[in-house]
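Inspection log for the structure reproduced underneath, given as structure tokens.
In my numbering, the protein residues as written are 405 to 925.
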């Protein structure tokens, strides 16, 4: 109810209902229900557009969701996506004095010991804001500091999400395959890690090492001695964000080439390293003076194991080659679809999704319609949510959205083809077989010395189990037998006496006064 009231009070309800295509009597019903309670909604910041105003008022979790939608005008609509883009880094900042106190407390000394200057914030998002600063050595840096009370706000939001998820699982049986509570639990873990900036620094360091050889791409340097749980300091990056298309065009940037570079980088890190930046919206990407794209904000990172990577690549490759039976087989082998379903029927369903989009121009594809069809297919074949793929799927949607904002005719499938084919050659061809044989041999080398000991233990367990099966069942001691018998007699007498008492009461027309209590939940 708090969400509905806030949407009503901030005038965001209309745009949201437009995107959801709720019109006529259903729209009137929503307004009738929310009108009496609008006063209980949060008012938010009047300087923001309606939907951004509502999301920022509701809390950091709603802002995160809005950031995802802001990258997909093909799903949310151009007007709403433009509205939500304010959530990426243009939220109202918190008090500068509070930020200075927090930084000093986290670093354990007055600011003057570390910085010559700390300027007002230049970017503010759902969890933190960023201040330009100059260190004692004269280097310009970016100091990120968490919002005061963000942990409490997130804890409140997540409890509301758990309540909604539990409600869906209880009263809407079809939603159970989507595992709403599991999804919320995954989201909780991701954002909880995001609120420890030491972990973000470590993630940025690892991602920087993995992408060090990528042409036209880099990450900021981490200043570890100026980093703590609620404060992160990195080198300063000067340049326009990738959301400022006009500024990029003014620099004569090849926007289609930049879109291609971003998507291929994402696929390369996901497939090659199993470790990828999972929050690559325009607010977290800048164009540096040397023409390189710089990614920052490493609070949300994704990991996928080798088996999942292989399945993911197989599925992508099946779409690229239009070999839908191969894609269906990959789903079945990975356990994404239960084997009780027909493989050919599922391949046909994949064809119905792939054929209308593979090879088509971006402006000819309705992503909202594609997503609806995907949902229909997953429901038809009982496919459950895969927690290990949540971040991967979400990030692919976001990265494609960024690419389309740079190049409206961007073809995701053609962009993906070289990366997927390279990975298939290296991991599923002769080289991949040799690599897996080497990994198997290395595993045997490590565990080999323990194999005799493990074999002996297994033999002892099996022999013990066999002997116990042959032995006759133990006879209970006589004392225990008589004790059991007496307990049985006593229980029978109790049940018989209770039954007789009830029978007499009913026969005699006796009726004990009934009492009841009700607790207001």
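Glycine is no exception: its CB is placed at the ideal position from the N, C-alpha and C atoms.
Residue 558 places its beta carbon 8 angstroms or farther from that of residue 460. Taking C-alpha positions only, residue 872 is separated from residue 859 by approximately 20 angstroms. Secondary structure of residue 568 (DSSP, three-state): helix. Taking a C-beta distance under 8 angstroms as the contact criterion, residue 640 and residue 536 qualify as a contact pair.
Taking the Cα of residue 691 as reference, the smallest distance to any Cα among 748, 728, 623 and 634 is reached at 623. Of the other Cβ atoms in all chains shown, fewer than 16 fall within 10 Å of the Cβ of residue 439; this residue is therefore exposed. Non-local C-beta neighbours of residue 730 in its own chain, meaning closer than 8 angstroms and more than five positions away in sequence, comprise 718, 721 and 722, ordered along the chain. Between the region 695-712 and the region 744-751, the count of Cβ pairs shorter than 8 angstroms is below three; the stretches do not touch. Spatial neighbours of residue 594 in its own chain (CB-CB distance under 6 angstroms, excluding positions within 5 residues in sequence) are listed in chain order as 704. Boundaries of the beta strand (DSSP E) around residue 536: 532-539. When the Cα atoms are used, residue 668 and residue 700 turn out to be separated by approximately 18 angstroms. Counted as a single uninterrupted DSSP element, the beta strand (DSSP E) harbouring residue 680 occupies residues 679-681.
With 16 or more other Cβ atoms from the protein chains shown falling within 10 Å of its own Cβ, residue 827 counts as buried.
By alpha-carbon distance to residue 603, the top candidate from 819, 636, 820 and 659 is 636. Apart from sequence neighbours up to five positions away, the residues of its chain that approach residue 608 with a beta-carbon distance below 8 angstroms are 623, 624, 626, 638, 700 and 702, ordered along the chain. Around the C-beta of residue 688, 16 or more other C-beta atoms lie within 10 Å, and the residue is accordingly described as buried. Counting of Cβ neighbours within 10 angstroms places residue 761 among the buried residues, the total reaching 16 or more. The Cβ atoms of residue 463 and residue 491 lie no closer than 8 angstroms to each other.
Between residue 652 and residue 659 the beta-carbon gap is near 6 angstroms, inside 8 angstroms, which marks them as a contact. Cβ-Cβ separation between residue 545 and residue 531: approximately 19 angstroms, too far for a contact (criterion under 8 angstroms). For residue 725, the three-state secondary structure derived from DSSP is coil. In this structure, residue 495 lies near residue 528, with their beta-carbon atoms less than 8 angstroms apart. Around the C-beta of residue 854, fewer than 16 other C-beta atoms lie within 10 Å, and the residue is accordingly described as exposed.
Annotated as proximal: residue 522 and residue 547, with beta-carbon spacing under 8 angstroms. DSSP places residue 706 inside the beta strand (DSSP E), whose first and last residues are 705-707.
The Cβ-Cβ distance between residue 589 and residue 647 does not fall below 8 angstroms.
Counting along the chain, the unbroken alpha helix (DSSP H) around residue 861 starts and ends at 855-874. When secondary structure is reduced to three states using DSSP, residue 702 falls in the coil class, being assigned neither helix nor strand. One thing to note: residue 671 has its Cβ within 8 angstroms of the Cβ of residue 823. Boundaries of the alpha helix (DSSP H) around residue 750: 747-758.
The C-alpha of residue 808 is placed about 25 angstroms away from the C-alpha of residue 708. Counting only runs that start and end inside the region 629-700, the beta strand (DSSP E) elements of at least 3 residues fall at 635-639, 679-681, 689-691 and 697-699.
For residue 430, the uninterrupted alpha helix (DSSP H) run begins and ends at 428-438, by DSSP. C-alpha of residue 797 to C-alpha of residue 716: approximately 10 angstroms in a straight line. Under the three-state reduction of DSSP output, residue 793 falls in the helix class.
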